[in-house]
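Comments concern the structure below.
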Amino acid sequence: MFSKKQETTKIDRDQRELIEYAQYRVKQKKNLFRHFVVFLAGAVLLIVLNKFLDFGADFRPGQVDWFVWAILIWFFLFLIHFLNVFLLGSFMNKKWEHEQIDKLVSKQKAKIVKLQEQIDREHPLPEQQKTFISRPDKPLNS
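Numbered as in the UniProt record's numbering, the sequence shown ends at 142 without a single skipped number.
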């Protein structure tokens with residue numbers, strides 16, 4: 001009387017998978033954006049440390065300031081993250097995973113069937129004696 005019955009919507013399995021995949025992709029892109037912001041802040045910090053505070057000013061591997069190498073390595077790691085999110089993530093998704101799993105399961109089933117046939121050929125089960133009952137109501141000894 002006082003409480004209203006809330007309508008619950010049923011989400012079928014496909015919709016649930018779509019929603020979960022969308023949430024996963026949003027999380028990936030959000031983490032990539034965070035990585036980019038941290039990369040920019042870190043690069044600025046490294047430049048400030050070297051140029052304005054003279055931290056490691058005399059350390060110049062390859063006749064280039066050390067912070068350049070650090071930023072290049074970090075940029076390479078960011079690039080790998082970017083490619084993983086936008087290139088690999090776009091075609092190696094849940095659908096691809098399910099297809100690969102189904103493919104491997106079908107290969108295993110075919111292999112099992114082949115092995116079972118080989119076992120049946122090489123080691124057949126002994127024939128069981130079949131008892132012929134002519135009349136089920138008649139005793140066996142008579």
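Using N, Cα and C, we set each Cβ at its ideal position, and we do this for glycine too.
| Asked | Found |
| --- | --- |
| So, are the CB atoms of Val85 and Gln28 less than 9 Å apart? | yes |
| When DSSP labels each residue in this structure, what does Lys138 get in the three-state scheme? | coil |
| Would you call the CB atoms of Pro61 and Trp74 closer than 9 Å? | no |
| Closer than 8 Å is the cut-off here; do at least three beta carbon pairs connect the segment 41-60 with the segment 93-104? | no |
| Quick one: is Phe36 buried, meaning 16 or more other Cβ sit within 10 Å of its Cβ, or exposed? | exposed |
| Taking 8 Å as the cut-off, is the CB of Leu115 close to at least one heavy atom of the ligand NAP? | Inclusion of the ligand NAP in the displayed structure is not the case, the ligand content being empty and no account of it being possible. |
| Can you grab the Cα-Cα spacing for the pair Leu115 / Pro124, in whole Å? | 13 Å |
| Whole angstroms are fine: how far does the CA of Arg25 sit from the CA of His81? | 13 Å |
| Can you tell me whether Arg25 is helix, strand or coil according to DSSP? | helix |
| Looking only at its own chain, which residues have a Cβ that is under 7 Å from the Cβ of Ile47, when we skip the five neighbours before and after it? | Phe67 |
| What residue range does the alpha helix (DSSP H) around Leu53 cover? | Leu53 -> no alpha helix (DSSP H), and no H or E assigned at all. |
| Can you name the start and end residues of the alpha helix (DSSP H) that Glu97 belongs to? | 94-122 |
| Could you check whether Ile19 and Ala43 sit closer than 9 Å to each other, using their CB atoms as the reference points? | no |
| One question on the structure: do Lys94 and Tyr21 come within less than 9 Å of each other, judged by their Cβ atoms? | yes |
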